[in-house]
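Undergrad: Numbering (this note's numbering), first residue to last: 2 to 351.
#1: Residue 174 lies in the alpha helix (DSSP H); which residues open and close that run?
#2: Roughly how many angstroms separate the alpha carbons of residue 333 and residue 214, rounded to a whole number?
#3: Compare the C-alpha of residue 102 against each of 200, 189 and 71 and name the closest.
#4: How about the segment 170-178 and the segment 231-240: do they share at least three Cβ pairs that are nearer than 8 Å?
#5: Within the continuous beta strand (DSSP E) that includes residue 117, where are the two ends?
#6: Could you tell me which of 179, 77 and 165 sits nearest to residue 131, measuring between CA atoms?
#7: Against chain D, does residue 217 count as a neighbour if the rule is that its beta carbon must be under 8 Å from one of theirs?
#8: Use the C-beta contact count for residue 94: other C-beta atoms within 10 angstroms, 16 or more gives buried, fewer gives exposed.
#9: How long is the line joining the alpha carbons of residue 68 and residue 122, rounded to whole angstroms?
#10: Quick test of your reading: residue 125 and residue 161, contact by CB under 8 Å. State the CB separation rounded to the nearest angstrom.
#11: Which residue marks the beginning of the beta strand (DSSP E) containing residue 170, and which one marks its end?
#12: Taking the alpha carbon of residue 114 as the point to measure from, which residue in 87, 194, 167 and 342 has its own alpha carbon closest?
#13: So, with DSSP's three-state summary, where would you put residue 319?
#14: Assuming residue 332 is part of the alpha helix (DSSP H), what are its boundary residues?
#15: Specify, as a first and last residue, the run of the alpha helix (DSSP H) that residue 157 falls within.
#16: Residue range of the beta strand (DSSP E) that residue 231 falls in?
#17: Since residue 312 sits in a beta bridge, which residues does DSSP pair it with?
#18: Rounded to a whole number of angstroms, what is the C-alpha to C-alpha distance between residue 303 and residue 258?
#19: Using 10 angstroms around the beta-carbon of residue 339, count the other beta-carbons present and answer buried if the total reaches 16, otherwise exposed.
#20: To test your reading of the DSSP string, which unbroken beta strand (DSSP E) runs of 3 or more residues are found completely within the segment 85-137?
#21: Once you ignore the five residues that flank residue 326 on each side, which residues in its own chain have a CB closer than 8 Å to its CB?
#22: Give me the Cβ distance between residue 127 and residue 348, rounded to the nearest whole Å; I'm assuming they're in contact under 8 Å.
#23: Output the distance between the C-alpha atoms of residue 344 and residue 225, rounded to the nearest integer angstrom.
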């Protein structure tokens, strides 16, 4: 019978077999004392894996990896990693100049990688919708969408759409971009969506979708922690509800906790720059770890069929959605409430 699998499916099967072969070699060759043979065989296997992955990336050059928040911090490191693996990138960012800087850096480490910019202000949901439509029209296939952009605002700022800026950027923008690209992702299957959440979600306290999405009450620096956590809890809830809604389509949706990172997220804090330099000197909060779990969820064959998951930066250990937002009913309520609230805004953006 003919094999009608696409190149990505064939590549994923190849890598999965390679990983299983490596495991067998580890178990059998170590116990038999054939360390030299094991080393040589594994070197060949790794070399073949690298060749195959590069070939696969070339075959799928038209299948873009789209990522938000890629001009700074974790997103920048993740974009560089993906480019070095041979994947072409679509970058959603507010600043063309920063995308140009990223393109130059990628050009040095991964020559020939295509980096395209889609300029959008993630505080404007109409702008996010417009960018999503541009991406949909530009690419034949989208293999991966990474919703990475995020912020921790230490005081209230309200967007032109009337939402708290932190809620808009951390939750509503990923919701809008993902739903706008839904049909393209399904048509591109197998495809993946990766949302960057946070263990700060454990500090959310409660969740009341209708209230929490629209709340614009003033708050101080201390009170901001729970609100930031709630926006990230909504990301986990979004991930799990979207995973159910896309079940059987070939599109997986997962999220991660990238851990503590010196990535500029708390840049509004007094002396943030000095604190970041001190932490880097002490090797605390290395953002490469956080970028690593993002790239792993976006590329590792082990997650090809996993959906609705929430994973830790520590060895991709599965995590449980914090209790206020864990149930299917409250997750569906959050989705439906969001869709209703945004209907007018998104309709006017068509």
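All C-beta atoms, glycine included, are put in the ideal place defined by N, C-alpha and C.
TA: Looking at the atomic coordinates:
#1: For the purposes of this step, residue 174 is taken as the residue at position 173 of the chain shown. Per DSSP, residue 174 belongs to the alpha helix (DSSP H) from 174-181.
#2: What you label residue 333 is simply residue 332 of the chain shown in a count that begins at 1. What you label residue 214 is simply residue 213 of the chain shown in a count that begins at 1. If you take the alpha carbons of residue 333 and residue 214, they lie about 14 Å apart.
#3: Along the chain shown, one-based indexing puts residue 102 at 101. With distances taken between Cα atoms, residue 102 lies closest to 71.
#4: yes
#5: Working through the chain shown from its first residue, we reach residue 117 at position 116. That run of the beta strand (DSSP E) goes 116-120.
#6: Indexing the chain shown from 1 puts residue 131 at position 130. Cα-wise, what sits closest to residue 131 is 179.
#7: Here there is only one protein chain, and chain D is not present.
#8: Residue 94 sits at position 93 when you count from the first residue of the chain shown. Counting Cβ neighbours within 10 Å, residue 94 comes out buried, since at least 16 surround it.
#9: If you number the chain shown from 1, residue 68 lands on position 67. If you number the chain shown from 1, residue 122 lands on position 121. Between residue 68 and residue 122, the C-alpha separation is close to 14 Å.
#10: Mapped onto the chain shown, residue 125 falls at position 124. Mapped onto the chain shown, residue 161 falls at position 160. Yes, they are in contact, since the Cβ atoms of residue 125 and residue 161 sit about 6 Å apart, within 8 Å.
#11: Mapped onto the chain shown, residue 170 falls at position 169. Counting along the chain, residue 170 falls outside any beta strand (DSSP E), and DSSP gives it neither H nor E.
#12: As a first step, residue 114 is located in the chain shown; it is residue number 113 there, counting from the start. Considering only alpha carbons, the answer is 87.
#13: As a position in the chain shown, residue 319 is number 318, starting the count at 1. Strand, per DSSP.
#14: In the chain shown, counting from the first residue as 1, residue 332 sits at position 331. Start and end: 329-349.
#15: Within the chain shown, the letter at position 156 stands for residue 157. Taken as a continuous stretch (DSSP letters only), residue 157 belongs to no alpha helix (DSSP H), as it is neither H nor E.
#16: As a working mapping, residue 231 is identified with position 230 in the chain shown. Taken as a continuous stretch (DSSP letters only), residue 231 belongs to no beta strand (DSSP E), being part of the alpha helix (DSSP H) at 225-246.
#17: Along the chain shown, read from residue 1 onward, the residue named residue 312 stands at position 311. Looking at the DSSP assignment, residue 312 forms a beta bridge with 257 and 319.
#18: Your numbering for residue 303 matches position 302 in the chain shown. Your numbering for residue 258 matches position 257 in the chain shown. If I take the Cα positions, the gap works out to 18 Å.
#19: Locating residue 339 in the chain shown gives position 338, where the first residue counts as 1. Buried, by the Cβ-count rule.
#20: 90-94 and 116-120
#21: Taking the first residue of the chain shown as position 1, residue 326 is located at position 325. So the list reads 202, 205, 208, 234, 235, 237, 238, 332 and 335, once near-sequence residues are dropped.
#22: The count along the chain shown starts at 1 and reaches residue 127 at position 126. The count along the chain shown starts at 1 and reaches residue 348 at position 347. Contact doesn't hold; Cβ gap of about 10 Å is too wide.
#23: In the chain shown, the residue the question calls residue 344 occupies position 343. In the chain shown, the residue the question calls residue 225 occupies position 224. Rounded to the nearest angstrom, the two C-alpha atoms are 28 Å apart.
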